[in-house]
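Comments concern the structure below.
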Amino acid sequence: MSHRLRGGFGVVLAYGLLAASLASAPPKPKPEPTPKAVQVSRETSLDWLTKNQAANGSWGKTYTIAVTSFACLSYLSASDEPFRGERGTALLKGLKFLLSQQKEGVFVQQGHTWIHGQGFGTLALAEAYGRSLLCKTKPDFDMKTVRAVVAKAVQAIGKNQSKSGGWWYTPGITEQHEGSTTVCAVQAIVSAKNYGISVDDKIVDNGFEYLKKCQITDGGFVYRLGDQASMKAGTAGGVATLGLMQKFDFPVMIKGYKYLVQLTPAGISRDNFTYYGHFYGCMAMRLLAQEYGDDKEFREKTHAYIAGVQKELLSFQTAEFAKKGVFPFRPGVDGNIENEAYPTAFATLALFVPEGRLSIYNRAAPKLPKEASKD
């Protein structure tokens, strides 16, 4: 994959920007064929998750809210009818666990961070609620309660936004802020909005503005507003989240895109937050392709990046890991803090991004049935 854009690419992208301004909802890109090895890896990993769910419905060791959310989102990403069969049973047990970890929409804090559990837990419940509106096989689950919890959860996220527009790890802190917390918060709120749950658009817009201000001259995003060095995985998270802006910010997104293309998926693999970076890298490229996918060069480059991520993820699995259906820990994640469910759920989630089944993988919100309840 080339690390540099060809000279005439700017003209093509300018044309793409004009075309995008004329269309309220860019068409979804046609899915590329999924390599057989990716299909096998995803299926064996989902089987492993299903067989290794705790009795209380959770996955993980220390950050069980976040890891359980990753697993639930993996099931939701894997099928148009996620509530069927053995996997559907596991999904519902996971959702039940998430509901047990919150009170009035506020999730308990685990370890050093509240917002990651709050954000990922809200995202998983929002996407599950949304899928229940759209699928044929309805879950034997009180989805009205899920909707009510999501509505309160996004309110709790909004109440803890810092004055800068970002978020901090723990609630009640209005002076501190950083990027990964903001990514997590904004995506949860957008997901809830996608499924008809009322949100404060000003909170979302301020979150977007915070992230845009975190971009520096090389196109990368810094850890927190005012820092000077770009993050690798953090840039993927920033680009993926800003891809959800209703009005696409061309300069910001293309600078971030160039940074990621030049970094390459192999560069993300050398970072301390490999699975995080690869998940958001795939999401970023999918959203970019939706906006500019009518251009052949751009479409090929975004697809090549996603294919590169898939290659990197599969390279982590030795024959022993692949047979078992798990992904190994990478540098920066302490195996004493978490168990194999963390890398396995996160990697599986990343491998399913191209199918686009989660609402946050698409520039346009899903069309909801008329009978869907509103706030």
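Offset between the sequence shown (1-based) and the working numbering: plus 109.
Backbone N, C-alpha and C fix where the C-beta goes; we use that ideal spot for every residue, glycine too.
Backbone CA spacing between residue i and residue j [nearest angstrom]
i, j, result
"E464", "M394", "13 angstroms"
"K245", "K202", "20 angstroms"
"P135", "E213", "Since pLDDT at P135 reaches only 49, below the 50 mark, its modelled position is unreliable, and the value read off the structure follows with that caveat. Going from the Cα of P135 to the Cα of E213 covers about 37 angstroms."
"L477", "M252", "15 angstroms"
"S339", "G328", "8 angstroms"
"F520", "G444", "Any property of residue 520 remains undetermined from this structure, which presents the chain solely from 110 to 484."
"F118", "E400", "Unreliable positioning characterises F118 in this predicted model, as indicated by a pLDDT of 36, which lies under 50. The coordinate reading is nonetheless provided below. Going by the C-alpha atoms only, they are around 15 angstroms apart."
"K356", "N471", "14 angstroms"
"E406", "A164", "49 angstroms"
"E190", "E284", "43 angstroms"
"V121", "G316", "With a pLDDT of 36 at V121, under the threshold of 50, the modelled position of this residue cannot be trusted; read the value that follows with caution. Their Cα atoms are separated by approximately 30 angstroms."
"F382", "F455", "11 angstroms"
"A431", "L372", "27 angstroms"
"Y414", "I446", "31 angstroms"
"S378", "K479", "44 angstroms"
"G194", "K160", "13 angstroms"
"Q426", "P440", "15 angstroms"
"A474", "A237", "15 angstroms"
"V263", "Y172", "20 angstroms"
"K247", "V308", "25 angstroms"
"E409", "V299", "28 angstroms"
"S209", "V215", "11 angstroms"
"Q219", "Y385", "18 angstroms"
"V313", "E429", "44 angstroms"
"E421", "P374", "7 angstroms"
"Y184", "F192", "9 angstroms"
"E141", "D404", "15 angstroms"
"G288", "Q148", "32 angstroms"
"K302", "L353", "12 angstroms"
"I485", "T326", "For the chain, the structure presents residues 110 to 484; residue 485 sits outside this window and is missing."
"R196", "D310", "35 angstroms"
"R256", "G239", "9 angstroms"
"D336", "G343", "13 angstroms"
Beta-bridge pairing of residue i - partner residues as DSSP gives them
i, result
"F436", "Per DSSP, none; premise fails for F436."
"V486", "Nothing can be reported for residue 486, as the shown portion of the chain is limited to 110 through 484."
"Q219", "T222"
"Q324", "F330"
"W276", "E287"
"S339", "V331"
"K525", "The chain is shown only over 110 to 484; residue 525 falls outside these bounds and no answer can be derived."
"K212", "V215"
C-beta atoms of residue i and residue j nearer than 7 angstroms
i, j, result
"L458", "F179", "yes"
"A233", "V259", "no"
"V418", "H387", "yes"
"L182", "A481", "no"
"C293", "H221", "no"
"S186", "L467", "yes"
"I469", "Q227", "no"
"F330", "G347", "yes"
Span of the alpha helix (DSSP H), counted from its first residue to its last, around residue i
i, result
"W157", "K145 to K160"
"L204", "G194 to S209"
"P374", "F359 to S378"
"H412", "K405 to S424"
"A349", "A342 to L351"
"M252", "M252 to K268"
"V295", "G288 to N303"
"Y389", "T383 to Y401"
"I174", "T173 to A187"
Sequence-distant residues of the same chain with beta carbon closer than 7 angstroms to residue i, five excluded per side
i, result
"T177", "S167, W168, G169, G203, F206 and L207"
"D249", "none"
"K364", "Q324 and G328"
"G376", "K341"
"T157", "Strictly speaking, residue 157 in this sequence is Trp, with Thr absent from that position. Excluding residues within five positions, the ones whose Cβ falls inside 7 angstroms are K433, G434, V435 and T453."
"P280", "W223 and N269"
"T411", "M394, L397 and A398"
"T291", "G275, W276, G316, Y319 and L320"
"A146", "L423"
Other residues of its chain near residue i: CB distance less than 8 angstroms, five sequence neighbours each side excluded
i, result
"H286", "S271, S273, G274, G275, W276, W277, Y319, R333 and L334"
"Q162", "W168, A180, A199, K202 and G203"
"R151", "A187, T457, L460 and F461"
"L351", "F317, L320, K321, D358, V361, M362 and G365"
Heavy atom of the ligand MG within 6 angstroms of residue i beta-carbon
i, result
"P191", "As far as ligands go, the structure on display features none, and thus does not contain the ligand MG."
Neighbourhood of residue i by C-beta distance below 6 angstroms, restricted to the same chain and skipping five residues each side
i, result
"A450", "W168, G169 and V176"
"S130", "Note that S130 scores 38 on pLDDT, short of 50, meaning its location in the model is unreliable and no value can be drawn from it."
"Y389", "A345, G346 and A349"
"S154", "G434, T453 and T457"
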